[in-house]
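Chains as they are written, first to last, in our numbering: chain V, 1 to 348; chain Y, 349 to 1276. Glycine is no exception: its CB is placed at the ideal position from the N, C-alpha and C atoms.
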Amino acid sequence: MICKIIHSARLKRPPLASRKALPECSSAPQIRFVYTLIALVLMLCTQAAFAAGGGKTHVIELWAEKIPAGVEGGNDLFAYRMAGHIIQEGATETNVTSRYAAEPTIPGPTIVIDEGDEVMLTLKHVFDPGNSASFEQVSVHVHGVHYDIHSDGTLEYINLIADESATPTMSYTYHWIAAPGTAGTWAYHDHNMITLNGAEDRGLYGALIVNNKTSTMALNKAGNLKTVSISSIKKEYVLFIGDDAFWGTEIDNQTGQQTSLWENPTLSAQQGSNVRFHLISLGSNTHNFKLSNYGWIDPGTNLIITEKVIGPLEKHVFAVQAGQSSQYKDDTFSSNSLGMKGNFNVIP
Amino acid sequence: MNSIVFRFNRKTMVALICFMATLFFSSIALASTTHTINLTAETLPNGQFGYKMVSHDASNQNYPAEAVIPGPSLIVQQGDTVNISLTNNTGVPVGINIPGILEGAAEAAAGGGSQNYSFTANRTGTHPYYDEGSGLLGLFGALIVNAADGSVQSYVDGDGTITPTDVADLDKEYIMFMVGSTFWGAEIANGTQTPLWTNPVLAATLNEVVRFHVLSIEHDHTFHLHAHRWLDEVDPVNQGLAPHIIDVKILTGKADSHAFTVKAGTEVGAGMWHLHCHVVSHMESNMAARFRVDEPGAASGISVAGASPYGAILLSPNQNDPGLVTFEISDEPGSWFRSTRSDAIIDPAGPLGALNIKTRSLEVMAPGSSAHFIMSDTNAVHTITTLIWPSDADTENKHDIPFDQTKAYRGGGIVQLNTPGLYVFTCKIHPYMFGAIIVDDPNTQGLDLGEAIDLVTGIQGLPTTSDLATRLLRTFFVVTAQQNWQDYTSATPWHVAYPDVPVRLTGGAVLNLKTVLENRYGQDVVLPPLSAPTTAGVGEVWINTQFEKTAGKTKPGTITVLDTANWTIKRKIALPSINMNHPHNMWTDRNQSTIFQTQWFDNKLTFINRADGQMIDNIQIGDSPSHVMTMPNNDDITVAINGENRVVTIPAGTTTPASSIATQMPGQVPANPHGHWITPEGKVVTPNINTSDTGFYDGSSGQILARPAAGGNFPHGPHPIAVGVGKDKVYTSNLLDHSIDVYDFDGNRLKTINLIADYDPVSPTGPTTLTDKDGDGLVTAGVLPIQTPVDPTGRVVVTANTGGTITLIDTSIDKVVAMLPCDPGCHGVNFGAKDGGGYYAYVTSKFSNRLIVVDPDPNGDGDFSDAVVAGTISMADNSAATDDAVVSLAGMGGQGVLAIPNVYNGWVQNLPSEWQTGLTNAQKNAIP
């Protein structure tokens, strides 16, 4: 039956959790036949895609740390630091740790992988919890990709299995599978520090970008939809929208090098180059993102938009061709009052 | 263009084939159905409302027999005609609104009125239906319009395949309404609708195909389900090249919806998957449910309902299932936490009147039931924070007690309470908002107040028989019942109505609560007569009678303008045209011509013409603006945004905010500044209530200079709340620390003055609870200090203590040198010039209606130990000029005070000459 064919064709390894039965297909026989044909075609395409994309394993070590806020009396922030990132592809291992900042950053390191890849992420708790038991657990909960209940990054109180945390004495390893259908940009964040909700709004967050290398994305060029290859993107801007500031990182796609830009950063791009914005909101406020002088494609649609309402942990990803310098901002009352904005400098 | 969501729909193909076959064999065409639906709106046992399905012709749905939250799901097909008859059995008008389908239709009258609604279901999808006025109390449900061909949202299979789905493929459908900080759930399976109430465990068997209908009203939410992903909903005509696969979706605006289909646990397996709102404040107030994906088995896929309005609360017939008491967060004075069944509770002849509870803010329920809060009657942001809880509750229920949120927000809260005893909730922004719950073990005698309580300040194991515990209880009953406030216009003695109920205290003692409180703190106290000061003041005093209610508006609060030449009320300003809401604090410009007025339970700053009381402008400034003050050097206006994270600056002479001083670095916990002051050199000093520090900021650059920690008695939550600035020192009152911090202008702490050094909180009340423990020869207590200005000469600090005293600190020795009596909720103080020299301190109280005029130095010798109450003046006056008629709480709620001319050092020097003429040379030059 069709459902089984697709599963057996696509599964690279056993399912994360045992499954007793595959879903039954209840269509009439003649319909089933049509679908079998379609499935065979799909199967061939899929295999081709896999052959091209490979199936890499990313062995990552992430540290959760405290960073001083810099002002006496102000509470400290927390942040993730990339301690090691090794890409295994067949027998080849590539160490890409040098792409990342050497210190903990907000947002945390952007983990860029391809659809079909897997991640083995080991989290270490490397700050002194002081006297507070509520600081003894820290985790990584990821959005979007596949993982089983042991890699949920939640407390036993929620998942009924275990506290899936790193502690001062024990690391924790999470296993993610960027299965087909998970391409996109997703947040990862703490879920266990201080409370069962975690301290995601204290700096413990970052982005996971799952690329489908063969895919394209629509870009607005002078009011017309233009399709560009993902590989044509020169720079990625990861912009987390907090309740009182943007926090940014940029990635040079030629080198893979990541640069931490911290709060309300100035972004820069070469004129004419394609750049991609990865917006993820975080905190309690609803935001209204604007990038003056630019219109872009609302993902999933054919619509060109000039502003986007984004709520906590929603993502909004779009590409533009750098034309003229501009300013991005969060156009809400409190964000305007605080000056939540930054420059987008286009260099001729 | 090909629709991604609906392409390859095999059921569509089947339907088409069937349809074509049908055309061959008969002339029957597809016809739309007409639905005749009879709904009622009912009051539920806990006082919330719900819609109930009475009958639905043309439906095969099996509806719940009772009124439910969310209301019954109305499932129709595109093109169907829907006729609804609504009968309203509640006590408020109720209607039905459906965005884009049924808007602005008439409501059914309270108490049995009915109304008909008709529409054609042209738009496929899931739509919220709700009542405009009382929706947040339970009047909401889902209208599901399925496509005529039966196709529903496709799901993303574990292998990434976008799988077309038909309504017949769905094993289950879930309704999840996001309301306040609570999920209200229901399940639809095999045509049967089952209520799952609050924060349920939704269950499905692995690989079942289920559809979620997520809906919202009023507040913004983001829905997140762990380990699953789904298709964003896109109108087929706008379908792009690639699908948008998401795992979080915002619901925003007045009402919203989002529907999607998932295959339960596909490629991630079975598990107890978390499902929650991703708005941090809502997460912190428990907006979470579960999606339990089971391995196939006999008991797999059985959902578990949460606490319901029909469950185990006091006097409910159902004491078996977990129940829910619900408090509306309200701007109504005293009833800031108002039980939704409080009409029945406080009416002695009402169904719950036998309880004799006498306040709308106290509820009783069984262990294991939940307290539920909904910010449905307020314009402000709040927190829902435990102030008091049974001492063992925080270990037994460690994830929920203490209950608190990092920042103020809009929404609600829900918390299951398992340990018997007393729980008191407050709002950190407005710390006199109280709601209490007694979790009563049905197997013990008397209502359980518990052995001991913990306080948010860090006090642990306080016996419920202690003076502090019963004093707090007394405070709770005084604050939360308007009839318990001190009315100085009444000839009858001050009577505090207490619940006449047996309670169980430390050691299992069962005593009558009323008797305990009356024995300890007296009853029917004769209030002293009012008497105006014999010496006049200079100019006017503007008082925020913040709770006074007038006819022309729903929100409380007036400004009472006192003429100090003859101590008469010269004007009342209510501003009904803008529904002025809780006017809290004022300041004026250099010319003394414009009054700046904050609305603390709103987000507005109002500009008023001092001379005639007319409004000049009313602007949005930020959530819960508390205090306003001008910069002495340039007259720019600064406003503390108490509900948020900044001080906003408005250039002098304008009404447009220009910049902000952030009270913390980006990413840090918001400081929530309350009553700031400004030093002569232009430093803005803020009491940061949420971060327990005093902030020193450069008023021109906005730079953070220092943030020294506040308090010392109870470091868990000192709650710094107001600042006074003297010649070279800053004084900050710490509400919950009962202390005053003294800093130099650079933020170095010089001293912490403990205002309760003479008080023993633990012993039962008696002669030893208040004695001269610090050996300074004086017996003084300043419980819960608030406003604490330094006089213009910098020599004396006058502090209003909520506990009902006024304390004076001599700044040459930084010690309390005198204590004077005040009223319940003693709150505001500011200085004004006394005729002929010297100053008066004008002191207001929230739960009385008189102004107390303190002369800190009657003989002008610089020794403040002989300070006296020079006079008292009623704030209730129905004969004064007014823009609205006072209808209740006359003169009550005294908070902000402003004397005009403004004679504080730094400002007095800039007074125009006409305002200087009434002042002595010493007053014109306060600090030579």
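| Query | Result |
| --- | --- |
| Got a sec: is the Cβ-Cβ distance from Tyr757 of chain Y to anything in chain V below 7 Å? | yes |
| For Ser1081 of chain Y versus Thr1136 of chain Y, is the C-beta distance shorter than 7 Å? | yes |
| Examine chain V for any beta-carbon lying closer than 7 Å to the beta-carbon of Asn766 of chain Y, and answer yes or no. | no |
| On the DSSP bridge assignment, give the partners of Tyr1252 of chain Y in chain order. | Answer by DSSP bridge pairing: none, since Tyr1252 of chain Y is not bridged. |
| For Leu910 of chain Y, does the count of other Cβ atoms within 10 angstroms reach 16, so buried, or fall short, so exposed? | buried |
| In this structure, how does DSSP classify Arg336 of chain Y when only helix, strand and coil are distinguished? | Residue 336 of chain Y lies beyond the stretch modelled for chain Y, which goes from 349 to 1276, so this question has no answer here. |
| Quick one, which of Y:Ala534, Y:Thr688, Y:Arg1055 and Y:Ile732 has its alpha-carbon nearest Phe1044 of chain Y's? | Y:Arg1055 |
| I need the boundaries of the alpha helix (DSSP H) containing Leu484 of chain Y, first residue and last residue. | Note, Leu484 of chain Y: premise wrong, no alpha helix (DSSP H); not H, not E. |
| Is any beta-carbon of chain V found at less than 7 Å from that of Asn586 of chain Y? | yes |
| Could you tell me if Gln968 of chain Y is buried or exposed, where buried requires 16 or more neighbouring beta carbons within 10 angstroms of its beta carbon? | exposed |
| Answer with yes or no whether the minimum CB distance from Leu291 of chain V to chain Y is below 7 Å. | no |
| How long is the line joining the alpha carbons of Ser482 of chain Y and Asn927 of chain Y, rounded to whole angstroms? | 20 Å |
| Just checking my contact of Ile705 of chain Y with Pro847 of chain Y at CB under 8 Å: how many whole Å lie between their CB atoms? | 5 Å |
| Residues of the segment 567-581 of chain Y in Cβ contact with chain V at a cutoff of 7 Å, in chain order, please. | Asp568, Thr570, His572, His574, Ala575, Arg577 and Asp580 |
| What did DSSP end up calling Leu803 of chain Y once you bin it into helix, strand or coil? | strand |
| I'd like the ranges of any alpha helix (DSSP H) spanning at least 4 consecutive residues and lying wholly in the segment 150-232 of chain V. | 156-159 |
| Less than 7 Å separating the beta-carbons of Leu878 of chain Y and Ser1160 of chain Y? | no |
| Give the residues of chain V in contact with Asp604 of chain Y, contact being defined as C-beta atoms less than 7 Å apart. | Here the premise fails: no neighbours, minimum Cβ distance about 11 Å. |
| Please name the residue in V:Glu136, V:Asp148, V:Thr169 and V:Ala187 whose C-alpha comes closest to that of Thr195 of chain V. | V:Glu136 |
| Could you tell me the distance, in whole angstroms, from the CA atom of Tyr100 of chain V to the CA atom of Asp752 of chain Y? | 37 Å |
| How would you list, in chain order, the residues of chain V whose beta-carbon sits under 8 Å from the beta-carbon of Asp815 of chain Y? | By Cβ distance, chain V contributes nothing, its closest Cβ being about 31 Å from Asp815 of chain Y, past 8 Å. |
| In whole angstroms, give me the CA-to-CA distance for Leu37 of chain V and Gly539 of chain Y. | Reliability fails at Leu37 of chain V, whose pLDDT of 42 lies under 50, so the model's placement of it is uncertain and the value that follows must be treated cautiously. Taking the straight line from one Cα to the other gives about 35 Å. |
| DSSP three-state call for Phe824 of chain Y: helix, strand or coil? | helix |
| Report the neighbours of Asn224 of chain V on chain Y: residues whose CB is nearer than 7 Å to its CB, in chain order. | Residues of chain Y passing the Cβ test: none, with the nearest at roughly 14 Å. |
| Give me the chain V residues within the contact set of Glu992 of chain Y, using Cβ-Cβ distance strictly less than 8 Å, ordered along the chain. | Ser334 |
| Does Lys290 of chain V come out as helix, strand or coil in the three-state DSSP assignment? | strand |
| Return the CA-CA distance between Gln1264 of chain Y and Lys1272 of chain Y, expressed in angstroms with no decimal places. | 7 Å |
| Whole angstroms is fine: what's the gap from Asp580 of chain Y's alpha carbon to Val493 of chain Y's? | 18 Å |
| Got a sec: does the ligand GDP put a non-hydrogen atom nearer than 6 Å to the Cβ of Glu156 of chain V? | As far as ligands go, the structure on display features none, and thus does not contain the ligand GDP. |
| Taking any Cβ of chain V, which residues in the segment 497-509 of chain Y have a Cβ under 9 Å from it, in chain order? | Val504, Asp505, Gly506, Asp507, Gly508 and Thr509 |
| Considering only the alpha carbon of each residue, which of Y:Gly855, Y:Gly856, Y:Asp1158 and Y:Val826 lies closest to His843 of chain Y? | Y:Val826 |
| Mapping DSSP to helix, strand and coil, what is Leu797 of chain Y? | coil |
| Grouping DSSP H, G and I as helix and E and B as strand, with all else coil, what is Tyr780 of chain Y? | coil |
| Indicate whether the contact test is met: 3 or more Cβ pairs, each with one atom in the segment 277-295 of chain V and one in the segment 312-325 of chain V, closer than 8 Å. | yes |
| Closer than 6 Å by C-beta to Gly761 of chain Y: which residues in its own chain qualify, once you throw out the five before and the five after it? Chain order, please. | Ser529, Ser633, Phe721 and Ile732 |
| Rounded C-beta distance between Pro107 of chain V and Phe240 of chain V? I'm assuming under 8 Å. | 5 Å |
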